[in-house]
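Protein chains in written order, with the numbering used here: chain P, 4 to 106; chain B, 1025 to 1494. Backbone N, C-alpha and C fix where the C-beta goes; we use that ideal spot for every residue, glycine too. From a predicted model like this one, the values you see are computed outputs, not experimental measurements. Data block below; observations after.
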Amino acid sequence: MISKEEIQHIAQLARIRVNENDLEKLQQDLSEILEYFNVLKEANVSGIEPMTLVSLREIPRMGKNVSREDVARPGSPALLQKLVTMFSAVREGFLRVKAIFSR
Amino acid sequence: MNTNLSIADIRKGLQEHQFSAKELAREFLGTITKKDKDIHAFLNVTENLAFNQAEAIDKRIAQKEKLPTLAGVPCSVKDAILVEDVPCTAGSKILEHYVAPYDATVTKKIKEAGAIIVGKTNMDEFGMGASTENSAFGPTKNPHDLTRVAGGSGGGASASVAAAECVIGLGEDTGGSIRLPSSFCGVVGLKPTYGAVSRNGVIALASSLDQVGPVAKTVGDAEILFNVIRGRDPLDSTSIDAEIGNWKLEIGNLRIGVPKEYFAEGLDPAIEKVIRGAINKLEEAGARIKEVELPNTKYALAAYYIINMSEASANLARYDGMRYGVSRQEGSLLLDAYLDSRGEGLGTEVKRRIILGTYALSAGYYEAYYNKAQKVRTLLKQDFEKAFEKVDIIVGPVSPFLPFKIGERIRDPLQMYLVDIYTVPVNLAGLPALSIPAGRVGNLPVGLHMIAPAFQEQRLFETGKLFETL
């Protein structure tokens, strides 16, 4: 069973605040799901490569990295305005965030 | 006005001036007003957009212009797909006030094809669920029984088509999110081959699995919508211009594979009866039925959820409460703003998956979970490749369960995951698959699942259209 401390540690890494009240149920759910994942231990994968891109084998040209022209695609001022409007806080057209360290 | 219309009916009706595009839009928007209080397929109805698009179509008709493929066809769009200047929430509270700044590539394509966008459809938050109960804005109800779920994650897309609130819908399928609700609601849903359709402008859940696809009442309409949206897009490096082929159905030569693993313990016997009946019909029509083996099926669900959660934990890192969406700024430091915004803005299932995904990717666990799951994925793909040496398509049930009661499975995440057991192997292998109505148990629809090799959508359309006539 995954410990409550471990859950809080991972949640912190994932930047999610978990309330103490929710921790009990979360521990129970996560433990059950991880237990279910154990079925993979029975799978024999010796000599099997992991599959990263599904279309890799059908499409030979996809076997190489796909890249696009390195040219700027300037957006319109109207698009910029739409994006800035959604910022949580703005100063002089820039996204304003809180301090990273306490003084 | 009769709203049980196909794309072809609408084209004919417009060309013969039986109705205008605006009248059509008014009719369908009226149906939404009337029915959606009960069904809740829509999160947002885009009345102004629909009327503007309809007027543009009517103008083109008046000027005797050639009409594009989807001219005047009322279409719903899953709320994970961006439509410019329309709110886009993906069913999440964290995006409650987010307005799409641009069109997804698929949106652009249906707009250019003349479709009338009537609204954005409900879904499990970020696509995480099999019942639409994980939507932050309340569940979608099954049009055939309002006490039951419509399936998920795209319950809204399938319910909107089933309730004739629109003619076609755009869905998105990561592990069954088009096919399962289409089975539950008695409509047709296609998950295309991975790479067949652009994902640009689609809110990502698990990027190696996600694929946009059509929902429709008939296979023919699903085929038309698929042909509008497919193709390579420079803005999605995994999209491909593939030959979909001109495969012709000859029923006497059609070899249909039935995997014994898809009829194992856990399948509702009433569903098995409907599916066996459907297979018999195909056999009587002349197809050859063969048993095939997909021996690694038992590992698919676990591998799928590990990959889904791992990719989701990375994709959903963007919801930081800074650039858009719900923001909590009460704490003194940036870290507090992240923790509080995500803690409050994200729902229970989403938090569960992000935490498990982070765990599966962390040092010491990566090999046992993520890497192992990716290797199992190769095994599953090999299973399908071997089976497709002997058969042209594979069929089975879409889900082991009938549409269940609202609230029945929501408390236990594992019970919800099991609903996806037959649909996830297809996403892991990147294959195309169709859900097509096969019959009913009582008044509840049951879908037949048809799976084809990569980029062989034509086999599904041809076989599906034949099946509709049986």
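Of all alpha-carbon atoms in B:1446, B:1307, B:1365, the one lying nearest the alpha-carbon of residue 1120 of chain B is that of B:1365. If you draw a straight line from the Cα of residue 1302 of chain B to the Cα of residue 1043 of chain B, it is about 38 Å long. In the displayed model, residue 1090 of chain B falls within coil according to three-state DSSP, outside both helix and strand. Residue-level contact check: residue 1072 of chain B does not touch chain P, since none of the beta carbons of chain P fall below 8 Å from its beta carbon.
For residue 1050 of chain B, the three-state secondary structure derived from DSSP is helix. Inter-segment contact for the stretch 1059–1079 of chain B and the stretch 1029–1043 of chain B is absent: fewer than three beta-carbon pairs are separated by less than 8 Å.
C-alpha of residue 1339 of chain B to C-alpha of residue 1325 of chain B: approximately 21 Å in a straight line. With distances taken between CA atoms, residue 1321 of chain B lies nearest to B:1451 out of B:1439, B:1451, B:1295. Scanning B:1408, B:1085, B:1436, B:1283 for the CA closest to the CA of residue 1313 of chain B turns up B:1283. The beta carbons of residue 1367 of chain B and residue 20 of chain P sit closer together than 8 Å. A direct Cα-Cα distance of roughly 19 Å separates residue 1416 of chain B from residue 1494 of chain B. Between the alpha carbons of residue 1286 of chain B and residue 1446 of chain B lies a gap of roughly 7 Å.
Judged by DSSP in its simplified three-state form, residue 1038 of chain B adopts helix. The beta-bridge partner set that DSSP reports for residue 1213 of chain B consists of B:1239, B:1459.
The alpha carbon of residue 1160 of chain B has as its nearest neighbour, out of B:1480, B:1369, B:1186, B:1122, the alpha carbon of B:1369. Between residue 52 of chain P and chain B, the shortest Cβ-Cβ separation is below 8 Å.
The alpha-carbon separation between residue 1403 of chain B and residue 22 of chain P amounts to approximately 40 Å. Against residue 73 of chain P, chain B offers no close residue; the least beta-carbon distance is about 13 Å (beta-carbon pairs closer than 7 Å). The beta carbon of residue 1356 of chain B sits closer than 8 Å to some beta carbon of chain P. In its chain, beyond the 5 residues on either side, 1298, 1470 have a beta carbon closer than 6 Å to the beta carbon of residue 1463 of chain B. Across the structure, residue 1420 of chain B and residue 1281 of chain B are spaced so that their CA atoms are roughly 9 Å apart. In terms of beta-carbon proximity, residue 1401 of chain B lines the interface with chain P, with at least one pair separated by less than 8 Å.
The residues 1186, 1209, 1210, 1427, 1467, 1468, 1469, in chain order, have a CB closer than 8 Å to that of residue 1168 of chain B in the same chain once the five nearest residues on each side in sequence are set aside. Separation of the CB atoms of residue 1189 of chain B and residue 1055 of chain B is rounded to 5 Å, and the pair is thereby assigned contact status at 8 Å. In this structure, P:69 is the residue among P:93, P:69, P:104, P:103 with its C-alpha nearest to the C-alpha of residue 1261 of chain B. A distance below 8 Å separates the beta carbons of residue 1103 of chain B and residue 1067 of chain B. Annotation: Cβ neighbours of residue 42 of chain P in chain B (cutoff 8 Å, chain order): 1322, 1323, 1326.
A direct Cα-to-Cα measurement between residue 1155 of chain B and residue 1176 of chain B gives close to 4 Å. One alpha carbon belongs to residue 1444 of chain B, the other to residue 1124 of chain B, and they sit about 30 Å apart. Residue 1200 of chain B counts as buried, since at least 16 other C-beta atoms from the protein chains shown sit within 10 angstroms of its C-beta. The Cβ-Cβ distance between residue 1213 of chain B and residue 1182 of chain B falls below 8 Å. Within the stretch 84–98 of chain P, 85, 86, 89, 90, 91, 98 place their CB atoms closer than 7 Å to a CB of chain B, listed in sequence order. Chain P has a Cβ within less than 8 Å of the Cβ of residue 1363 of chain B. Residue 1481 of chain B sits away from residue 1253 of chain B, with the two beta carbons spaced by 8 Å or more. For the pair residue 97 of chain P and residue 72 of chain P, the Cα-to-Cα distance works out to about 28 Å. Pairing residue 1164 of chain B with residue 1180 of chain B gives a Cβ-Cβ distance under 8 Å.
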